[in-house]
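All remarks here apply to the structure that follows.
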DNA sequence: CTATAGATGCCCT
DNA sequence: GGGCATCTATAGC
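Numbering (the working numbering), first residue to last: 25 to 228.
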C-alpha cells in the first residue's frame, strides 16, 4: 500500500445546515471549504435571513441575484459585492425560505501557493483570506459557482469536515458592513484565529 | 493606527 | 439616481 497519510475528511450532513440561520451559523465554523486544490478552514461567518432580516439581500423577496438564497440547504450562494468582489454563502434552512451563512474569513489549509498567485495584493499570508471578497479571490470562487451543491463530493466547490469541531464558545458580535438591523449578534468567529477579518461590527 | 475616496454592477425608489 | 453583506491606495496623525 504505502499510501500517504490523508487527513480524515468527510462531507457534513445536510441536517447540520437546517434550523434557524443564527443557530446554524456557528456550526459551520472550522469546516473546510474546498475549491479544486485550494482548501480553507472557515473561521468567521455571519447569518442572514429573509423577510425578517432587513440587512439581508432577501429582505424584499426573490430577485435574479438572490434566488439561490431561497434554495435548499447546502447550496453555495455567490454574489457580486460593490460591483467588484465576489462573496460566498452557504445556504441554510428549507427550500422556499431565504437564509444563508456568509463566509467572511477562512484560514488557508491547502493550495496556499495558488492563493498567493490569485491575491497578488496580499503582502502577508494573513491578508490572503481575511475578508469575504479576499477569500473568494484566493479560493477562485466566482459567479460560476453560484448554486453548486457543496455537499455533493463531485461538485466544483465542496464543504468538508475533518473532525475539528466548531469552537465551544465562538466569539459573537454584530455584523460587519451593514446599516440595517445592526444590533443582531449574528457574526461568529473562531476566537483568536489570525485570519479573522479586521472588519468592525456596524453600529459600534 | 484611523479616515477617506474610488473602483464598479445590480437592485431598488 | 442612491445604496450597498468590499478592498485598496493614499493621506494624515
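Note that the Cβ used here is the ideal one computed from N, Cα and C, for glycine as well.
Requested in this report: Determine, using beta-carbon pairs with one atom in the stretch 135-145 and one in the stretch 30-41, whether at least three such pairs fall under 8 Å.
Outcome: no
Requested in this report: With a 10 Å radius around its C-beta and 16 neighbouring C-beta atoms as the bar for buried, classify residue 62 as buried or exposed.
Outcome: With 16 or more other Cβ atoms within 10 Å, it is buried.
Query raised in the report: Whole alpha helix (DSSP H) runs in the stretch 98-157 with 4 or more residues, listed along the chain?
Result: If you keep only unbroken alpha helix (DSSP H) runs of at least 4 residues inside the stretch 98-157, you get 136-142.
Query raised in the report: From residue 60 to residue 132, what distance separates their C-alpha atoms?
Result: 14 Å
Report task. Would you mind sorting residue 108 into buried or exposed? The rule is 16 or more other CB atoms within 10 Å of its CB. Result -> exposed
Requested in this report: Could you tell me which residues DSSP pairs with residue 71 in its beta bridges?
Outcome: 125
Query raised in the report: In whole angstroms, what is the alpha-carbon distance linking residue 153 and residue 75?
Result: 30 Å
Requested in this report: With residue 51 as the anchor, note down where its beta strand (DSSP E) starts and where it stops.
Outcome: Taken as a continuous stretch (DSSP letters only), residue 51 belongs to no beta strand (DSSP E), being part of the alpha helix (DSSP H) at 45-52.
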